[in-house]
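Residue numbers (this note's numbering): 1 to 263.
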């Protein structure tokens, strides 16, 4: 009860960490891939510091404070009819979906290499689809529960932030040019994941563990859903990635549409 009361009373304020940079937004090769996948200019990461201890039980309060904070709001934009516009109405509520984030290696993807989705060369096997032209077994595994390969990566692993990130990159933006091989997806996923996630070594076991807490978020104003998008769309997403030790939070988001054509 005390915890609930504390969570209700607790408020957070935020300050932009303007010097914090992300390699995936600066690396030329990564930017070229994001451009090819129609995500360039639509995928972003911004970091902020906050002033009180974070606990998972106060996730919703934390997210609501975040989207109501003047400093945060001054830096946020939403996409309307292809134009970036500020969030001009106060946020009245948020939805928060805790996303498991425990992986410290790319082993989660090992089963994909030996189940028929890829050729021995790493090339993705093409397949017929009556809705999506130029379809392949990798996207079918990611999207279609009827796919024989859907659970080649287990149900629990599919819930991990690492897998969600990989899926977002593979599906891309509106004019995505898909890769013939899996390597660009894997290497970009690894780079962005390392950029976003904080880890620590346990002094006793010497094992590396993720300390970040990941929240998939959506904010609503008086008119309804407004951030990251008015409509629910699989490739329009926003995550708050919280480092409870440093008291830093990163907003990582993407707005589905046609990305920039120049780096």
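C-beta atoms are modelled at their ideal positions from N, C-alpha and C, and glycine is treated no differently.
Query raised in the report: Where residue 111 and residue 157 are concerned, what is the direct C-alpha to C-alpha distance, given to the nearest angstrom?
Result: Taking the first residue of the chain shown as 1, we reach residue 111 at position 111. Taking the first residue of the chain shown as 1, we reach residue 157 at position 157. About 11 Å.
Query raised in the report: To the nearest angstrom, how far is it from the Cα of residue 55 to the Cα of residue 254?
Result: In the chain shown, the residue the question calls residue 55 occupies position 55. In the chain shown, the residue the question calls residue 254 occupies position 254. Rounded to the nearest whole angstrom, the C-alpha separation of residue 55 and residue 254 is 26 Å.
Query - Identity of the residues DSSP links to residue 43 by a beta bridge - result: Translated into positions along the chain shown, residue 43 becomes position 43. For residue 43, which the question treats as bridged, DSSP gives the partners 254.
Report task. Use the C-beta contact count for residue 184: other C-beta atoms within 10 angstroms, 16 or more gives buried, fewer gives exposed. Result -> Your numbering for residue 184 matches position 184 in the chain shown. Buried: at least 16 other Cβ atoms inside 10 Å.
Query - Assigned secondary structure, residue 92 (DSSP; H/G/I helix, E/B strand, else coil) - result: Locating residue 92 in the chain shown gives position 92, counting from the first residue. Looking at residue 92 - three-state DSSP - the assignment turns out to be strand.
Query raised in the report: Which whole-angstrom value describes the C-beta separation of residue 118 and residue 162, a residue pair presumed to lie in contact below a C-beta threshold of 8 Å?
Result: Translated into positions along the chain shown, residue 118 becomes position 118. Translated into positions along the chain shown, residue 162 becomes position 162. 19 Å between Cβ atoms; not a contact.
Query - Contacts around residue 174, its chain only, beta-carbon distance under 7 Å, and the 5 residues preceding and following it disregarded - result: In the chain shown, residue 174 corresponds to position 174, counting from 1. In its chain, beyond the 5 residues on either side, 38, 256, 257, 258 have a beta carbon closer than 7 Å to the beta carbon of residue 174.
Query raised in the report: Below 9 Å between beta carbons: does that hold for residue 214 and residue 200?
Result: Position 214 of the chain shown holds residue 214. Position 200 of the chain shown holds residue 200. Cβ distance not < 9 Å, so residue 214 and residue 200 don't count as in contact.
Report task. Let me know the secondary structure DSSP gives residue 160 once reduced to three states. Result -> Sequence index remark: in the chain shown, residue 160 carries index 160 (1-based). It is coil, neither helix nor strand.
Query raised in the report: Between 33, 21, 16, which lies nearest to residue 179 when the distance is taken from Cα to Cα?
Result: Mapped onto the chain shown, residue 179 falls at position 179. Of the listed residues, the one whose Cα sits closest to residue 179 is 33.
Query raised in the report: What distance in whole Å lies between the Cβ atoms of residue 240 and residue 217, which are believed to be in contact at a cut-off of 8 Å?
Result: Along the chain shown, read from residue 1 onward, the residue named residue 217 stands at position 217. Along the chain shown, read from residue 1 onward, the residue named residue 240 stands at position 240. Residue 217 to residue 240, Cβ: 5 Å. Contact.
Query - residue 104, buried or exposed, once every other Cβ within 10 Å from all chains shown has been counted against 16 - result: As a working mapping, residue 104 is identified with position 104 in the chain shown. Residue 104 comes out exposed.
Report task. Return the chain-ordered list of same chain residues with a C-beta closer than 7 Å to the C-beta of residue 159, the five sequence neighbours on each side being excluded. Result -> Translated into positions along the chain shown, residue 159 becomes position 159. Around residue 159: 100.
Report task. Report the rounded CA-to-CA distance for residue 82 versus residue 229, giving the unit in angstroms. Result -> On the chain shown, position 82 is the one that residue 82 refers to. On the chain shown, position 229 is the one that residue 229 refers to. Spanning the two alpha carbons is a distance of roughly 12 Å.
Query - Simplified DSSP state of residue 207, which is helix, strand or coil - result: On the chain shown, position 207 is the one that residue 207 refers to. Residue 207: coil per DSSP, three-state reduction.
**Report entry** Of the listed residues 252, 221, 121, 126, nearest to residue 164 (C-alpha basis)
**Finding:** One-based indexing of the chain shown puts residue 164 at position 164. Checking every option, the nearest Cα to that of residue 164 belongs to 252.
Requested in this report: Apply the 10 Å Cβ neighbour rule to residue 22 and answer buried if 16 or more other Cβ atoms are within range, or exposed otherwise.
Outcome: Numbered from 1 along the chain shown, position 22 holds the residue referred to as residue 22. Of the residues assessed, residue 22 falls on the buried side of the cut-off, its CB having 16 or more other CB atoms within 10 angstroms.
Query raised in the report: Using a Cβ-Cβ cut-off of 7 Å (strictly less than) and excluding sequence neighbours within five positions of residue 43, which residues of its own chain qualify?
Result: What you label residue 43 is simply residue 43 of the chain shown in a count that begins at 1. So the list reads 34, 254, once near-sequence residues are dropped.
Query raised in the report: When DSSP labels each residue in this structure, what does residue 3 get in the three-state scheme?
Result: Along the chain shown, one-based indexing puts residue 3 at 3. Reliability fails at residue 3, whose pLDDT of 48 lies under 50, so the model's placement of it is uncertain and the value that follows must be treated cautiously. Residue state, collapsed to three classes: helix.
Query raised in the report: Taking the alpha carbon of residue 67 as the point to measure from, which residue in 52, 57, 87, 51 has its own alpha carbon closest?
Result: Locating residue 67 in the chain shown gives position 67, where the first residue counts as 1. It is 87.
**Report entry** Per DSSP, cross-strand counterpart(s) of residue 48
**Finding:** On the chain shown, position 48 is the one that residue 48 refers to. Per DSSP, 16, 249.
Query raised in the report: CB-CB under 6 Å to residue 126, same chain, minus the five flanking residues each way: which ones, in chain order?
Result: Within the chain shown, residue 126 is the residue found at index 126, counting from 1. If we look at residue 126 and ignore the five residues flanking it on each side, its Cβ neighbours are 136.
**Report entry** For residue 60 and residue 7, the rounded distance between their alpha carbons
**Finding:** Stepping through the chain shown from its first residue, residue 7 is reached at position 7. Stepping through the chain shown from its first residue, residue 60 is reached at position 60. Since pLDDT at residue 7 reaches only 47, below the 50 mark, its modelled position is unreliable, and the value read off the structure follows with that caveat. Answer to the nearest angstrom: the Cα atoms are 9 Å apart.
Report task. Ignoring anything shorter than 4 residues or poking outside the region 104-192, list the alpha helix (DSSP H) runs there in chain order. Result -> 137-143, 155-158, 161-171
Query raised in the report: Which residues in the same chain as residue 36 place their Cβ atom closer than 7 Å to its Cβ, once the five residues preceding and following it in sequence are excluded?
Result: Here residue 36 refers to the residue found at position 36 when the chain shown is read from its first residue. Result list for residue 36: 177, in chain order.
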